[in-house]
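Enquirer:
Protein chains in written order, with the numbering used here: chain A, 13 to 152; chain B, 13 to 75.
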């Protein structure tokens, strides 16, 4: 499996995902420190707490634009399949965990962990594409 | 849907990459169409027909 750097949509996807991931890490660290040390108060706490979520929205934006900008219809179909598989896995995980948590069988987890499940499913979708269609999708 | 893409490409001594460049798609797309794993859209099927200078029905065949 290798990333096709000659494809402009793929390159843009990688850049957008990289920036979003970097902003996610930095904003989360900043919020943890500033809110944890009680260095901010008022509406700024809300803005700081929401900033990592905006970075995650940036990741979804990167996925959306990968579809919009993709000129190759076959690769676009593969990426869409990956997104469907990723979404299916994430909501299945959320449903399962939700009921296990409701009946006290597992600890509470923050819902943003389902985003990790989504991206895990997105990657798994690439493997499914490779097996069924002979190409990975966004990595082809 | 069956197609004669591989035969037509071989007749012209084109690699999959050559045809992909002419169609402005990835090599994987050409491979997927040739192996019947993906049926192209009508606009792409017309582009293929134009490149081979053949009617669509002489390239793509009913199962």
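By construction, the Cβ of each residue, glycine as well, lies at the ideal position given by its N, Cα and C atoms.
Rounding to the nearest angstrom, what Cα-Cα distance links residue 89 of chain A and residue 147 of chain A in this structure?
Expert: In the first chain, the residue the question calls residue 89 of chain A occupies position 77. In the first chain, the residue the question calls residue 147 of chain A occupies position 135. Looking at the two C-alpha atoms, the distance is approximately 11 Å.
Enquirer: Look at the alpha carbon of residue 74 of chain B and the alpha carbon of residue 27 of chain B, and state the distance between them as a whole number of angstroms.
Expert: Counted from its first residue, the second chain places residue 74 of chain B at position 62. Counted from its first residue, the second chain places residue 27 of chain B at position 15. Their backbone Cα atoms lie some 25 Å apart in a straight line.
Enquirer: At 7 Å on the CB atoms, spell out the chain A contacts of residue 44 of chain B, in chain order.
Expert: Here residue 44 of chain B is taken as the residue at index 32 of the second chain, counted from 1. Residues of chain A passing the Cβ test: 86, 145, 146 and 147.
Enquirer: Between residue 14 of chain B and chain A, is the shortest Cβ-Cβ distance under 7 Å, so that the two count as touching?
Expert: The count along the second chain starts at 1 and reaches residue 14 of chain B at position 2. No - not a single Cβ of chain A is within 7 Å of the one on residue 14 of chain B.
Enquirer: Does DSSP classify residue 5 of chain B as helix, strand or coil?
Expert: It is not possible to answer for residue 5 of chain B, since the shown part of chain B is limited to 13 through 75.
Enquirer: Leaving out the 5 sequence neighbours to the left and right, which residues in its chain are closer than 7 Å to residue 72 of chain B when beta-carbon positions are compared?
Expert: Sequence index remark: in the second chain, residue 72 of chain B carries index 60 (1-based). Here the set comprises 13, 15 and 57.
Enquirer: Between the Cα of residue 71 of chain A and the Cα atoms of A/134, A/95 and A/28, which residue gives the shortest distance?
Expert: Position 59 of the first chain holds residue 71 of chain A. Among A/134, A/95 and A/28, the Cα nearest to that of residue 71 of chain A belongs to A/28.
Enquirer: Based on Cα-Cα distance, which residue from B/19, B/37, B/29 and B/25 lies nearest to residue 59 of chain B?
Expert: Within the second chain, numbered from 1, the residue matching residue 59 of chain B stands at position 47. Residue B/37 is the option with its Cα nearest to residue 59 of chain B.
Enquirer: Using the three-state DSSP reduction, which class does residue 86 of chain A fall into: helix, strand or coil?
Expert: Counted from its first residue, the first chain places residue 86 of chain A at position 74. The answer is helix: DSSP assigns residue 86 of chain A an H, G or I state.
Enquirer: Which ranges does the alpha helix (DSSP H) cover as unbroken runs of at least 4 residues, wholly within the segment 44–71 of chain B, from first to last along the chain?
Expert: DSSP runs (the alpha helix (DSSP H)) wholly in the segment 44–71 of chain B: 54–64.
Enquirer: Considering residue 125 of chain A, what are the terminal residues of the alpha helix (DSSP H) in which it resides?
Expert: In the first chain, the residue the question calls residue 125 of chain A occupies position 113. Counting along the chain, the alpha helix (DSSP H) containing residue 125 of chain A begins and ends at 125–145.
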